[in-house]
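Peer 1:
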Amino acid sequence: MALLDDVKSELAVIDNELPAAKKAQAATMIRFGGGLHLVQRHIVVEAQFDSRDAAQWLQATIQEVYGHESDVIEVSRQTPTGIVVRYSVRVLRAGGALALQTGLLDRRKRPVRGLPAEIIGGNIAQIKAAWRGAFLAHGELSDPGKASYLEIVCPGSEAALALVGAARRLGINARARQVRSSERVTLRDPDAIERMLNLIGAPHSAREWTGKRSDGESRGKANRLANFDDANMRRSAKAAVEASEKVTKAFQILGKDIPDNLRAAGQLRLDHRDASLEELGRLADPPVTKDAIAGRIRRLLQLANKIEKQQAQNNRAVD
956 MALLDDVKSE LAVIDNELPA AKKAQAATMI RFGGGLHLVQ RHIVVEAQFD
1006 SRDAAQWLQA TIQEVYGHES DVIEVSRQTP TGIVVRYSVR VLRAGGALAL
1056 QTGLLDRRKR PVRGLPAEII GGNIAQIKAA WRGAFLAHGE LSDPGKASYL
1106 EIVCPGSEAA LALVGAARRL GINARARQVR SSERVTLRDP DAIERMLNLI
1156 GAPHSAREWT GKRSDGESRG KANRLANFDD ANMRRSAKAA VEASEKVTKA
1206 FQILGKDIPD NLRAAGQLRL DHRDASLEEL GRLADPPVTK DAIAGRIRRL
1256 LQLANKIEKQ QAQNNRAVD
């Protein structure tokens, strides 16, 4: 969560945007953070965030851009994992006016189900600001070292599709999906996640996330290689023990009737039971390749097998 908090803090201090971009961000934060409510026939605007910085940005923007007062209220609730603190931005008296100004009510004063048309059809700065606002409102980011994802929890399917279309305008492929009755827009490609973080204004967090992810992948690869090496060593050790047992039996069957080069190879196997074939080849006099030592041991075992079969046939003939 620490990195997610850092991303939202980095995004919430951006203050050099043009008014159109600020409006796009504010409208999207309200839409994805909560939206409009009807209380005693009056429209109330309320948006809730897990970041105090995000809530304070929206409160300041509502005052600066739209000229309305708002309240930031801290809300705590107990969950199975502990106390969760959220920050709610509420506009009571001027809720209806703000809803019209942000485009969250259309000209017929009906709630907009996706995102306002002026955002979807706006310039690239507005598109970036909309994604920034959606992330501040309900964005999630995977911890480095785990399966990569950047995800926005959306208030509905229309809002999710609007966000997917906005990502497409930025050259990024996002996917809308439904998870346990909630609509989500997800990025899973690490390069796309890094690019999106940069585009919405969090380059420092993007570098940190990418760096930690690379470190995690390197550690994972090292662990996999270590496990692979351990498995190879266990298989090699088992094969060496089995080969030694077969060589011992071959010596018993053949007795003295063994070619010198085959006897030498078999004896090396018995004298160095844990050694690899490559190591046995180096120990031979003169040294030979691992293929050569493996071939001699194989011929030794084949010869013993042939003699054993002949002895069995002779014994059956005598009986």
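The working numbering runs 955 ahead of the 1-based position in the sequence shown. Cβ coordinates follow ideal geometry from the N, Cα and C atoms, glycine included.
1. According to DSSP, is GLU1106 part of a helix, a strand, or is it coil?
2. By the 10 Å Cβ neighbour count, where 16 or more other Cβ atoms means buried, how is ARG986 classified, buried or exposed?
3. So, helix, strand or coil for GLN1033, using DSSP?
4. Which stretch, first to last residue, makes up the alpha helix (DSSP H) that contains LEU1232?
5. Using the C-alpha atoms, what's the distance from THR1244 back to ARG1224?
6. DSSP beta-bridge partners for THR1141?
7. With DSSP collapsed to three states, give me the class of LYS1176.
8. Could you tell me which whole alpha helix (DSSP H) segments of length 4 or greater appear in the stretch 979-1060?
9. Here's the rule I'm using: 16 or more other beta-carbon atoms within 10 Å means buried, otherwise exposed. How should ARG1162 be labelled?
10. Assuming LEU1217 is part of the alpha helix (DSSP H), what are its boundary residues?
11. Among SER1231, ALA1084 and ILE1213, whose alpha-carbon lies nearest the alpha-carbon of LEU1013?
12. If we count the other Cβ atoms within 10 Å of its Cβ and call it buried at 16 or more, is ARG903 buried or exposed?
13. For HIS1227, collect the residues of the same chain with a Cβ closer than 8 Å to its Cβ; drop the 5 residues on either side in sequence, then sort them by chain order.
14. Go through its chain and collect everything with a Cβ distance to ALA1147's Cβ below 6 Å, but skip five positions before and after it.
15. Only counting the same chain, and skipping five residues up and downstream in sequence, which positions put a Cβ closer than 8 Å to that of ILE1079?
16. Which class does GLN1266 belong to by DSSP, given the choice of helix, strand or coil?
17. Once you ignore the five residues that flank ILE1155 on each side, which residues in its own chain have a CB closer than 7 Å to its CB?
18. So, under 8 Å CB-CB, ARG1251 and ALA1220 are touching, yes? Tell me the CB distance rounded to an integer number of Å.
19. Can you give me the Cβ contacts of LEU1354 inside the same chain, cut-off strictly under 6 Å, excluding the 5 residues immediately before and after it?
20. Could you check how far apart the C-beta atoms of GLY1069 and LEU1142 are, in whole angstroms? I think they sit under 8 Å.
21. Buried or exposed: ARG1132, going by 16 or more other Cβ atoms within 10 Å of its Cβ?
22. Please look up how many angstroms separate the CB atoms of VAL999 and GLY1050, rounded, as I've assumed it's under 8 Å.
23. Output yes if chain C places a C-beta closer than 7 Å to the C-beta of LEU1232; else output no.
24. Give the range of the beta strand (DSSP E) segment to which GLY1111 is assigned.
25. Helix, strand or coil for GLU941 per DSSP?
26. Throw me the rounded Cβ distance for the LEU1053 and ILE1017 pair, which I believe falls under 8 Å.
27. Alpha carbon to alpha carbon, what distance is there between SER1025 and LEU1059?
28. Roughly how many angstroms separate the alpha carbons of ALA1247 and LYS1211, rounded to a whole number?
29. Under three-state DSSP, which class holds PRO1242?
30. Classify PRO1158 as helix, strand or coil using the three-state DSSP reduction.
31. Express the C-alpha separation of VAL1039 and GLN1033 in angstroms, rounding to a whole number.
32. Could you spell out the range, first to last residue, of the alpha helix (DSSP H) harbouring LYS1211?
Peer 2: Reading off the structure:
1. If DSSP states are grouped into helix, strand and coil, GLU1106 belongs with the strands.
2. Residue burial is scored here from C-beta neighbours: ARG986 has at least 16 other C-beta atoms within 10 angstroms and is therefore classed as buried.
3. Assignment of GLN1033 by DSSP, reduced to helix, strand and coil, places it in the strand class.
4. First-last of the alpha helix (DSSP H) with LEU1232: 1232-1238.
5. The straight-line gap from Cα to Cα measures roughly 14 Å.
6. Looking at the DSSP assignment, THR1141 forms a beta bridge with GLU1106 and ARG1130.
7. Residue confidence is low: LYS1176 scores 49 on pLDDT, short of 50, so the model does not pin down where it sits. Its coordinate-derived value is still stated next. In the structure shown, LYS1176 sits in a helix (DSSP, three-state: H, G or I).
8. At a cut-off of 4 residues, the continuous stretches assigned as alpha helix (DSSP H) that sit fully inside the stretch 979-1060 are 1007-1016 and 1050-1057.
9. In summary, ARG1162 is exposed, with fewer than 16 beta-carbon neighbours lying within 10 Å of its beta-carbon over all protein chains present.
10. Start and end: 1215-1226.
11. The shortest C-alpha separation from LEU1013 is found at ALA1084.
12. Because the chain in this structure spans residues 956 to 1274, residue 903 falls outside the shown range and cannot be described.
13. Here the set comprises GLU1234, LEU1235 and LEU1238.
14. Cβ within range, chain order: ILE1127.
15. Excluding sequence neighbours, ILE1079 sits near ARG1124 and LEU1125.
16. It is helical.
17. These residues qualify, in order along the chain: LEU966, LYS1083, TRP1086, ARG1087 and PHE1090.
18. With a beta-carbon spacing of about 4 Å, ARG1251 and ALA1220 fall inside the 8 Å limit used to define contacts.
19. Residue 1354 cannot be examined here, being either before or after the span of the chain that is shown, 956 to 1274.
20. The beta-carbon distance between GLY1069 and LEU1142, rounded to whole angstroms, is 19 Å. This is too long to meet the 8 Å contact definition.
21. That one is exposed.
22. So it is a contact: roughly 5 Å between Cβ atoms.
23. Given the protein chain composition of this structure (a single chain), no chain C is represented.
24. Counting along the chain, GLY1111 falls outside any beta strand (DSSP E), and DSSP gives it neither H nor E.
25. Not covered by the structure: residue 941. The range shown for the chain is 956 to 1274.
26. The Cβ separation is near 7 Å, so the contact holds.
27. Looking at the two C-alpha atoms, the distance is approximately 17 Å.
28. ALA1247 and LYS1211: Cα-Cα distance of roughly 22 Å.
29. In the structure shown, PRO1242 sits in coil (DSSP, three-state: anything other than H, G, I, E or B).
30. Three-state DSSP puts PRO1158 in a helix.
31. Whole-angstrom Cα-Cα distance: 6 Å.
32. For LYS1211, no alpha helix (DSSP H) run applies, since DSSP gives it neither H nor E.
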